[in-house]
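So the sequences go chain by chain: A and B. Take our numbering: the last position of the first sequence gets the number 435, and nothing is skipped along the way. Take our numbering: the last position of the second sequence gets the number 1440, and nothing is skipped along the way. Glycine included, C-beta positions come from ideal geometry on N, C-alpha and C. Quick notes on the structure that follows.
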Amino acid sequence: MVKLEDVSSLLQAPAPEQKVPVRTDSTYKPLHSFALDKQRSYKQQYGDMYFLRLAKIKPAVEEVASKAWDGTEIGGELAKRVDRVLDVRQGELCWVAGTVYMDMRLKPNILEDVSKDRWLSAPISSQKYYSDDGSDQIMLEDDSGRVRLVGELLNSIPLVTGCIIAVMGTENTNGEFEVIDLKVPDLAPQPERWALSKAPSAKSKSEDTDMTDSPSPNGGKKVAIVSGLSFSGTDASAYNPLPSQLFDEFVAELLPSIPVTLLPGARDPANASYPQQPIHTAMFPLSRAYASDPGAASTSQPGWFDTVTNPWEAEIEGWRILGTGGQNVDDVFKYVESDDRLGMMEAMCRWRCCAPTAPDTLWSYPFQEDDPFVLKSCPHVYFVGCQPEFATKVIHGPDGQSVRLIAVPSFSKTKEFVLVDTETLEVTKIKITSR
Amino acid sequence: MDDAKKYLSDRLLSEEVPVTYRLLSRVLNIRVNVAKQKLYEFHQSQNASKADSIHATYLIYGSKTEHKQPETGDTDMDNSVPEPEPLSDYAPTKTVTIVAEENLKDALAEYEEVTSFHIYSLAPFPQRDLALLSDVSKSLSDYRKIEDAAKTLDTYGIIANPQARRKDRKGRPPVPAPVPSASAPKNVKQEAPPALSKPSQTEKVKQEVKEVSSAEATPSSSAGKKPPATLKRGASGGIMQSFAKAAAKPPKPKPEPKPKEEDTSMALSDDGEADDEDLPTSKSIDLEALKRTRKQREEELMRMMEDADDDIKEAKKEDEQSDEEMEEASEAEPEPEPEPEQQPKEEKEPTEVISNSGDGRRRGKRRVMKKKRILDDQGYMVTIQEAAWESFSEDEAPPPTATKPKPASTPAASSTQKSKKAAAPKSGSQGSIMSFFGKK
């Protein structure tokens, strides 16, 4: 409880001409993991994505599984590894790895659309694909075939289309696979801090990059994550140019002082499918003065005002950061009963895939050579924007990895944003109110 | 000090509009922290002489008293079933509150610790609707000074970042429009009498400071007391801005050739935006807008023509001035606005070649962007835009054809154009434009 008398001294600024402080250096290295070729083709099939993903993640999940299950005996029978889903023999205890496919009544189904000659995808009416009447089916598939998974265990473990898992159990007389145990690939190897960028030689003084005039008590450098600004003016039915103009003016005020990175969101003027490509800087006539030269090679210095992809990966102050505009979590959310956004983010880290439901229900570019959504390395910070409320936690992996998860609330709804300390990765929520 | 007092009493007591600390800082070119202090002093002194005459809103920043949740360990990913265990770790919350002075004590009482506290704004009335303050913030952009960001940092007390880097435009076609237009009005602003005492002046100057982006100039501002000057400015305003100018034209033929200049520079700045990368669509969008703008302007022009005869001589005389003497030319005007005059010259392009002109008719070729549809080597139908020469004949000052956004510049061309315009100051220009775009 603060009384007016306690703080009224703050109203009179004491020394009139103080020297304006200077920001300390920050290091920033975007990774361009999700950049698409400008001359990309959309002719190819999506099937390759599943193949690529399985090929990349299967070894990891099989390693986890064989560590856990090798030599496991149940009822005198030794669980043995099976290479392909189709090789599972009825009545034999075995384990197999593959891709999950969720068959859900409420989920949009492209095959159905095509067979019924519907050429426009139907508007997605339901908030959730999940239905609690037990009609949802979980399949495990690979390039050989698919088998339906059943068992009590599945009720407690949320799964979505596209995640790679290993299951142990037996095929019953109905041809269904009774799951006894289930493994996920778990967190990918985590790079050391400063793996890609050079740590500043002199240890930086604690300079306050906070928004306050007075140093905050735990005053290290901070990264602010603001999401859901609705600056595109596309929320109403008619386009309104004012929000983006105001946003541009605001960002242009910030840029002389702090670098700004801009990820596109679901309603922004970028491509709608994942990965979204950077918003063109022509949107921001003032701020673009600080953007990188479009003619320059991507290997050169990143823009001070950096419009980037969604998802986006970078190294900030040496930490590996993975961020998305939130569509990936919003889509996973529809598959599961839970409202636990952090849990979904954690699951994605442990599945080693930051957009598992692409290309099934999350629109995606049809990748051919690589599935960039597979997490080759585990980030230190994973944030997701446009979430209904702020939440954060730290998760840990088997090899000492730890990931700071942050669900960033939508600013336009909550008037909240998030500060991350660049040394401790501690998170502070900032709320703006009026009364 | 006196400046602040003067400005604040003008703005608050006479005009009765709110002032935020940022606005005060921008207007007086002082540090934001000093501005906060000035607001405080003014608030104290005014209310001492007359109680409740000025009302303040405050900004409070700090931690509110909160019921801390116990810190929890990791929740396992298997926790899909809601459990009493909170899903999120505890994270401290800092709160920024903007509060009217009536509620200040209550608001402060909710805080456990206050690390920042200052007057946010003053108003001559109790600030019930804080949304009004955001309108004040919007007007801040009028004080933007592009050309020396580094200096403004120090002026306003913005924490500078030595690492900040702007785009290196070397090796690319220069985009002439924004820079000169920003610097020229700057001079004007400095020359202008201290903006504090004369709000109307401020208004006008602000208008000029507005940059390329300000696509929504208000007609009222350009309809100020110096219409010819306004028109001559040729600053590369957005589409709407030039429209506003056109609409505000006085019944005089003299400014008649000017729309051409404005238009060209406008088109150029548009092009400057687009030529960064391939943006094939943007041009057609611009055309749409320009088409509309032009239509408005033509109507204005026609109306103007009707009572314009008397002034033809004057117009001719003026237009005979060559480009090199532009500054003189503008000085010769009743109300000169010299600096921006140079821009059009720089930005002119050889978009027209006049082969025959006189007796009010112009014939020649002009450069236009034409749409062309071809099959590419992969068999796809592609629509491209390419420059082409089109012959024309018209009996009017050249209609501002915005279809030629090319950032080349030859003074010669512009002077040619000008003399042509002078030669034919009368009658409407619709015909040629119509054929151009196939309107309606």
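Per-residue burial, residue i [other beta carbons within 10 Å of its own, 16 or more giving buried]
| i | result |
| --- | --- |
| A/Pro189 | exposed |
| A/Asp117 | exposed |
| B/Asp1154 | exposed |
| A/Val114 | exposed |
| A/Pro500 | The shown model of chain A, from 1 to 435, leaves out residue 500 of chain A, and the question about it has no answer. |
| B/Ile1285 | Below a pLDDT of 50, predicted positions are generally treated as unreliable, and B/Ile1285, at 47, falls in that range; no measurement from the model is reported. |
| A/Asn310 | buried |
| A/Pro21 | exposed |
| A/Ser437 | An answer regarding residue 437 of chain A cannot be provided, because it is not within the stretch 1 to 435 covered by chain A. |
| B/Arg1011 | buried |
| A/Asp399 | exposed |
| A/Ile395 | buried |
Cβ pair residue i, residue j closer than 8 Å
| i | j | result |
| --- | --- | --- |
| B/His1055 | A/Leu10 | no |
| A/Gly134 | A/Gly151 | no |
| A/Pro200 | A/Arg320 | no |
| A/Arg341 | A/Ala407 | yes |
| A/Ile164 | A/Leu54 | yes |
| A/Ala266 | A/Trp363 | no |
| A/Tyr101 | A/Arg146 | yes |
| A/Ile225 | A/Phe367 | no |
| A/Cys354 | A/Leu405 | no |
| A/Tyr335 | A/Tyr28 | no |
| A/Gly98 | A/Val85 | yes |
| B/Ser1137 | B/Arg1022 | yes |
Own chain partners of residue i with C-beta closer than 8 Å, once the 5 adjacent residues on each side are dropped
| i | result |
| --- | --- |
| B/Leu1133 | Pro1018, Thr1020, Thr1057, Ile1098, Tyr1120, Ser1121, Gln1127 |
| A/Thr422 | Ser26, Gly220, Lys221, Lys222, Val223, Ile316, Glu317, Trp319 |
| A/Arg288 | Thr281, Ala282, Phe305 |
| A/Asp103 | Asp136, Gln137, Ile138, Met139 |
| B/Leu1130 | Thr1057, Ile1098, Ala1100 |
Cutoff 7 Å; reference residue i; Cβ partners in own chain excluding five residues on either side
| i | result |
| --- | --- |
| B/Lys1038 | Ala1004, Leu1024 |
| A/Ala60 | Pro185, Arg352 |
| A/Lys376 | Ala188 |
| A/Glu178 | Val150, Gly151, Gly169, Thr170, Asn172 |
| A/Lys415 | Lys431, Ile432, Thr433 |
| A/Asp268 | Ser232, Ile279 |
| A/Phe373 | Cys353, Cys354, Ala355, Ala358 |
Cutoff 6 Å; reference residue i; Cβ partners in own chain excluding five residues on either side
| i | result |
| --- | --- |
| B/Glu1110 | Lys1064 |
| A/Ser412 | Gly228, Ser230 |
| A/Gln401 | Leu187, Gln190, Cys378 |
| B/Ser1116 | Tyr1061 |
| A/Phe284 | Asp248 |
| B/Val1179 | Caution applies to B/Val1179, whose pLDDT of 37 falls short of 50 and renders its modelled position unreliable; the value that the coordinates give is listed next. If we look at B/Val1179 and ignore the five residues flanking it on each side, it has no Cβ neighbours. |
| A/Gln90 | Glu171 |
Chain B contact residues for residue i, given Cβ-Cβ distances below 8 Å
| i | result |
| --- | --- |
| A/Tyr462 | For residue 462 of chain A there is no data in the structure shown, the boundaries of chain A being 1 and 435. |
| A/Gly47 | Those within 8 Å of A/Gly47 in chain B number zero; the least Cβ separation is about 24 Å. |
| A/Trp304 | Gln1163, Ala1164, Arg1165, Arg1166 |
| A/Leu10 | Val1114, Ser1116, Phe1117, His1118 |
Under 7 Å by beta carbon: chain B residues contacting residue i
| i | result |
| --- | --- |
| A/Pro256 | Ala1149, Leu1153, Ile1158, Ala1160, Asn1161, Ala1164 |
| A/Ala391 | Leu1087, Ser1088 |
Neighbouring residues, chain A, relative to residue i (Cβ below 7 Å)
| i | result |
| --- | --- |
| B/Asn1029 | Within 7 Å Cβ-Cβ: nothing; B/Asn1029 doesn't reach chain A, min ~14 Å. |
| B/Ala1091 | Thr392, Val427, Thr428, Lys429 |
| B/Thr1095 | Lys431, Thr433 |
| B/Leu1130 | Ser434 |
Under 9 Å from the C-beta of residue i: neighbouring residues of chain A
| i | result |
| --- | --- |
| B/Ile1098 | Ile432, Thr433, Ser434, Arg435 |
| B/Lys1372 | Those within 9 Å of B/Lys1372 in chain A number zero; the least Cβ separation is about 21 Å. |
Under 9 Å from the C-beta of residue i: neighbouring residues of chain B
| i | result |
| --- | --- |
| A/Met1 | Thr1065, Leu1108, Ala1109, Glu1110, Tyr1111, Glu1112 |
| A/Thr234 | In chain order: nothing, as chain B lies at least about 15 Å away. |
Under 8 Å by beta carbon: chain A residues contacting residue i
| i | result |
| --- | --- |
| B/Leu1104 | Leu4 |
| B/Lys1005 | Result: empty, since nearest Cβ-Cβ is about 16 Å, beyond 8 Å. |
| B/Ser1141 | Glu249 |
Residues in the region 1106-1127 of chain B having any Cβ partner in chain A nearer than 9 Å = For chain A, the residues of the region 1106-1127 of chain B that bring a beta carbon within less than 9 Å of one of its beta carbons are Asp1106, Ala1107, Leu1108, Ala1109, Glu1110, Tyr1111, Glu1112, Glu1113, Val1114, Thr1115, Ser1116, Phe1117, His1118, Ile1119, in chain order.
Contact list for the region 73-89 of chain A against chain B, Cβ threshold 7 Å | For the region 73-89 of chain A, no residue has a beta-carbon sitting nearer than 7 Å to a beta-carbon of chain B.
Residues from the region 22-34 of chain A in contact with chain B, defined by Cβ distance under 8 Å = Within the region 22-34 of chain A, the residues whose Cβ lies closer than 8 Å to some Cβ of chain B are Val22, Arg23, Asp25, Ser26, listed in chain order.
Listed from N- to C-terminal order along the chain, which residues in the region 171-197 of chain A have their beta-carbon within a distance smaller than 7 Å of any beta-carbon of chain B?
-> For the region 171-197 of chain A, no residue has a beta-carbon sitting nearer than 7 Å to a beta-carbon of chain B.
Members of the region 1028-1062 of chain B that neighbour chain A once the beta carbon cut-off is set at 7 Å = So the list reads Asn1033, Val1034, Lys1036, Gln1037, Tyr1040, Tyr1061, given in the order they occur along the chain.
Of all the residues that make up the region 338-372 of chain A, which are near chain B by a beta-carbon distance shorter than 7 Å?
-> So the list reads Ser338, Asp340, Leu342, Gly343, Glu346, Ala347, Arg350, given in the order they occur along the chain.
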